[in-house]
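Residue numbers (the numbering used here): 5 to 185.
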(Lines of atoms letter the chains of each structure in order from A and count residues from 1; the text may use other names and numbers.)
(Lines give C-alpha, C1' and ligand atoms only; values in the text may rest on other atoms or scores of the structure.)
Protein backbone atom coordinates (compact mmCIF):
# COMPACT_ATOMS: atom_id res chain seq x y z
CA UNK A 1 0.00 0.00 0.00
CA UNK A 2 1.44 3.41 -0.92
CA UNK A 3 2.11 5.75 1.99
CA UNK A 4 -0.65 8.18 2.94
CA UNK A 5 0.26 11.75 1.92
CA UNK A 6 1.29 13.61 5.04
CA UNK A 7 -0.33 16.85 6.10
CA UNK A 8 2.31 19.57 6.47
CA UNK A 9 0.35 22.59 7.77
CA UNK A 10 -2.71 23.13 9.93
CA UNK A 11 -5.80 23.79 7.81
CA UNK A 12 -7.16 26.05 10.58
CA UNK A 13 -4.19 28.37 11.22
CA UNK A 14 -1.36 27.41 8.85
CA UNK A 15 1.18 26.37 11.51
CA UNK A 16 3.41 23.39 10.63
CA UNK A 17 1.89 20.28 12.28
CA UNK A 18 3.46 17.63 14.48
CA UNK A 19 2.64 13.94 14.16
CA UNK A 20 1.73 12.30 17.47
CA UNK A 21 -0.97 10.19 19.10
CA UNK A 22 -3.56 12.58 20.57
CA UNK A 23 -5.04 11.97 24.01
CA UNK A 24 -7.91 9.42 23.80
CA UNK A 25 -6.77 8.21 20.36
CA UNK A 26 -4.88 5.12 19.26
CA UNK A 27 -2.95 6.23 16.19
CA UNK A 28 -0.66 8.99 15.05
CA UNK A 29 -2.39 12.07 13.67
CA UNK A 30 -1.36 15.50 12.39
CA UNK A 31 -1.79 17.82 15.40
CA UNK A 32 -1.30 21.58 15.34
CA UNK A 33 1.01 22.72 18.17
CA UNK A 34 -0.49 26.26 18.01
CA UNK A 35 -4.29 25.76 17.94
CA UNK A 36 -4.34 22.03 18.86
CA UNK A 37 -6.52 21.09 15.87
CA UNK A 38 -6.32 17.34 15.14
CA UNK A 39 -6.38 16.57 11.41
CA UNK A 40 -7.89 13.24 10.37
CA UNK A 41 -7.35 11.66 6.98
CA UNK A 42 -10.21 9.44 5.87
CA UNK A 43 -11.18 7.58 2.69
CA UNK A 44 -13.12 9.32 -0.09
CA UNK A 45 -16.42 7.93 -1.35
CA UNK A 46 -16.87 7.34 -5.06
CA UNK A 47 -20.56 6.96 -5.97
CA UNK A 48 -22.17 5.84 -9.20
CA UNK A 49 -24.80 3.77 -10.93
CA UNK A 50 -25.27 0.73 -13.14
CA UNK A 51 -27.85 2.20 -15.56
CA UNK A 52 -29.61 -0.56 -17.48
CA UNK A 53 -32.13 -0.94 -20.28
CA UNK A 54 -33.41 -4.44 -21.06
CA UNK A 55 -30.26 -6.61 -21.36
CA UNK A 56 -27.83 -3.69 -21.73
CA UNK A 57 -25.87 -1.35 -19.45
CA UNK A 58 -24.90 2.24 -20.12
CA UNK A 59 -21.18 3.06 -20.11
CA UNK A 60 -19.35 6.36 -20.53
CA UNK A 61 -16.05 6.78 -22.40
CA UNK A 62 -13.90 9.00 -20.16
CA UNK A 63 -12.76 12.40 -21.43
CA UNK A 64 -10.58 13.04 -18.36
CA UNK A 65 -7.62 11.45 -16.62
CA UNK A 66 -7.11 9.03 -15.11
CA UNK A 67 -7.90 6.48 -17.81
CA UNK A 68 -8.99 8.94 -20.50
CA UNK A 69 -10.54 7.10 -23.47
CA UNK A 70 -11.56 4.03 -21.48
CA UNK A 71 -15.09 2.99 -20.54
CA UNK A 72 -16.64 3.33 -17.10
CA UNK A 73 -19.94 3.38 -15.30
CA UNK A 74 -21.11 6.93 -14.51
CA UNK A 75 -19.50 7.69 -11.15
CA UNK A 76 -17.40 10.21 -9.28
CA UNK A 77 -16.53 11.65 -5.90
CA UNK A 78 -19.38 12.24 -3.49
CA UNK A 79 -19.81 15.89 -2.50
CA UNK A 80 -20.42 17.29 0.97
CA UNK A 81 -24.11 17.87 1.64
CA UNK A 82 -25.41 14.93 -0.40
CA UNK A 83 -26.31 11.33 0.33
CA UNK A 84 -24.61 8.49 -1.54
CA UNK A 85 -27.76 8.04 -3.66
CA UNK A 86 -27.97 11.78 -4.42
CA UNK A 87 -24.31 11.79 -5.45
CA UNK A 88 -24.75 8.73 -7.67
CA UNK A 89 -27.77 10.35 -9.36
CA UNK A 90 -25.86 13.64 -9.83
CA UNK A 91 -22.86 11.86 -11.35
CA UNK A 92 -25.11 9.91 -13.75
CA UNK A 93 -26.75 13.13 -14.92
CA UNK A 94 -23.41 15.00 -15.19
CA UNK A 95 -21.53 12.25 -17.04
CA UNK A 96 -24.23 10.58 -19.14
CA UNK A 97 -27.12 13.01 -19.20
CA UNK A 98 -29.31 10.00 -18.46
CA UNK A 99 -32.72 10.00 -16.81
CA UNK A 100 -32.84 7.12 -14.32
CA UNK A 101 -34.90 5.59 -11.57
CA UNK A 102 -32.60 4.84 -8.64
CA UNK A 103 -32.71 1.24 -7.43
CA UNK A 104 -31.05 -0.33 -4.36
CA UNK A 105 -27.38 -0.05 -3.47
CA UNK A 106 -25.64 -2.81 -5.38
CA UNK A 107 -21.88 -2.94 -4.71
CA UNK A 108 -19.62 -1.56 -1.99
CA UNK A 109 -15.96 -2.00 -2.87
CA UNK A 110 -13.03 -0.96 -0.68
CA UNK A 111 -10.02 0.33 -2.61
CA UNK A 112 -7.67 0.61 0.36
CA UNK A 113 -4.50 1.53 -1.56
CA UNK A 114 -6.30 4.53 -3.10
CA UNK A 115 -8.07 5.52 0.13
CA UNK A 116 -11.49 5.11 -1.49
CA UNK A 117 -14.79 3.29 -1.07
CA UNK A 118 -16.79 2.80 -4.30
CA UNK A 119 -20.59 2.50 -4.00
CA UNK A 120 -22.69 1.63 -7.04
CA UNK A 121 -26.49 1.64 -7.23
CA UNK A 122 -28.54 -0.19 -9.82
CA UNK A 123 -30.56 2.25 -11.91
CA UNK A 124 -33.31 1.79 -14.50
CA UNK A 125 -32.97 4.03 -17.55
CA UNK A 126 -36.19 5.96 -18.18
CA UNK A 127 -35.54 6.52 -21.91
CA UNK A 128 -32.70 6.31 -24.41
CA UNK A 129 -32.00 10.02 -24.86
CA UNK A 130 -28.60 10.98 -23.43
CA UNK A 131 -26.72 14.26 -23.11
CA UNK A 132 -23.16 13.50 -21.93
CA UNK A 133 -21.25 16.22 -20.11
CA UNK A 134 -17.67 17.44 -20.71
CA UNK A 135 -16.09 14.58 -18.72
CA UNK A 136 -17.50 12.07 -21.23
CA UNK A 137 -16.47 11.52 -24.87
CA UNK A 138 -19.49 9.34 -25.65
CA UNK A 139 -22.03 7.02 -24.03
CA UNK A 140 -23.21 3.66 -25.33
CA UNK A 141 -25.36 0.74 -24.32
CA UNK A 142 -23.66 -2.66 -24.17
CA UNK A 143 -24.95 -6.19 -23.77
CA UNK A 144 -22.72 -8.59 -21.85
CA UNK A 145 -21.41 -10.13 -25.09
CA UNK A 146 -20.54 -6.72 -26.58
CA UNK A 147 -19.06 -5.11 -23.47
CA UNK A 148 -15.50 -3.76 -24.00
CA UNK A 149 -14.05 -5.75 -21.08
CA UNK A 150 -10.44 -4.95 -22.05
CA UNK A 151 -11.19 -1.23 -22.26
CA UNK A 152 -12.71 -0.73 -18.80
CA UNK A 153 -11.15 2.09 -16.79
CA UNK A 154 -11.28 0.66 -13.25
CA UNK A 155 -11.35 -2.70 -11.47
CA UNK A 156 -14.35 -1.62 -9.39
CA UNK A 157 -16.31 -1.15 -12.64
CA UNK A 158 -15.26 -4.61 -13.87
CA UNK A 159 -16.22 -6.28 -10.59
CA UNK A 160 -19.56 -4.46 -10.47
CA UNK A 161 -20.37 -5.44 -14.07
CA UNK A 162 -19.35 -9.07 -13.45
CA UNK A 163 -21.78 -9.17 -10.51
CA UNK A 164 -24.50 -7.43 -12.53
CA UNK A 165 -24.44 -9.84 -15.45
CA UNK A 166 -24.14 -12.92 -13.18
CA UNK A 167 -27.15 -11.70 -11.16
CA UNK A 168 -29.07 -10.93 -14.33
CA UNK A 169 -28.50 -14.50 -15.57
CA UNK A 170 -29.63 -15.91 -12.21
CA UNK A 171 -32.67 -13.64 -12.03
CA UNK A 172 -31.76 -12.42 -8.53
CA UNK A 173 -29.99 -9.13 -7.74
CA UNK A 174 -28.25 -9.18 -4.38
CA UNK A 175 -25.98 -6.80 -2.55
CA UNK A 176 -22.25 -7.30 -3.15
CA UNK A 177 -19.22 -6.08 -1.22
CA UNK A 178 -15.53 -6.74 -1.40
CA UNK A 179 -12.00 -5.45 -1.39
CA UNK A 180 -9.93 -4.45 -4.41
CA UNK A 181 -6.32 -5.30 -3.59
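By construction, the Cβ of each residue, glycine as well, lies at the ideal position given by its N, Cα and C atoms.
Since we're looking at a predicted model, the values are computed, not measured.
Distance between residue j and residue i (C-alpha atoms, nearest Å)
{"i": "residue 181", "j": "residue 124", "result": "10 Å"}
{"i": "residue 24", "j": "residue 46", "result": "17 Å"}
{"i": "residue 183", "j": "residue 162", "result": "13 Å"}
{"i": "residue 30", "j": "residue 76", "result": "38 Å"}
{"i": "residue 175", "j": "residue 154", "result": "26 Å"}
{"i": "residue 106", "j": "residue 33", "result": "38 Å"}
{"i": "residue 169", "j": "residue 11", "result": "42 Å"}
{"i": "residue 145", "j": "residue 15", "result": "44 Å"}
Reference residue i, options the options, closest by Cα
{"i": "residue 37", "options": "17, 47, 52", "result": "17"}
{"i": "residue 148", "options": "171, 82, 105", "result": "171"}
{"i": "residue 98", "options": "89, 79, 159", "result": "79"}
{"i": "residue 159", "options": "100, 150, 121, 133", "result": "121"}
Buried or exposed (CB count within 10 angstroms, at least 16 for buried), residue i
{"i": "residue 110", "result": "buried"}
{"i": "residue 86", "result": "exposed"}
{"i": "residue 72", "result": "exposed"}
{"i": "residue 70", "result": "exposed"}
8 Å contact criterion, which residue i and residue j should meet: CB distance rounded
{"i": "residue 140", "j": "residue 94", "result": "In fact, because the Cβ distance is near 14 Å, the residues do not count as touching under 8 Å."}
Practice item. Would you list, in sequence order, the uninterrupted beta strand (DSSP E) runs of no fewer than 3 residues that lie entirely inside the segment 6-37? Key: 22-24, 33-35
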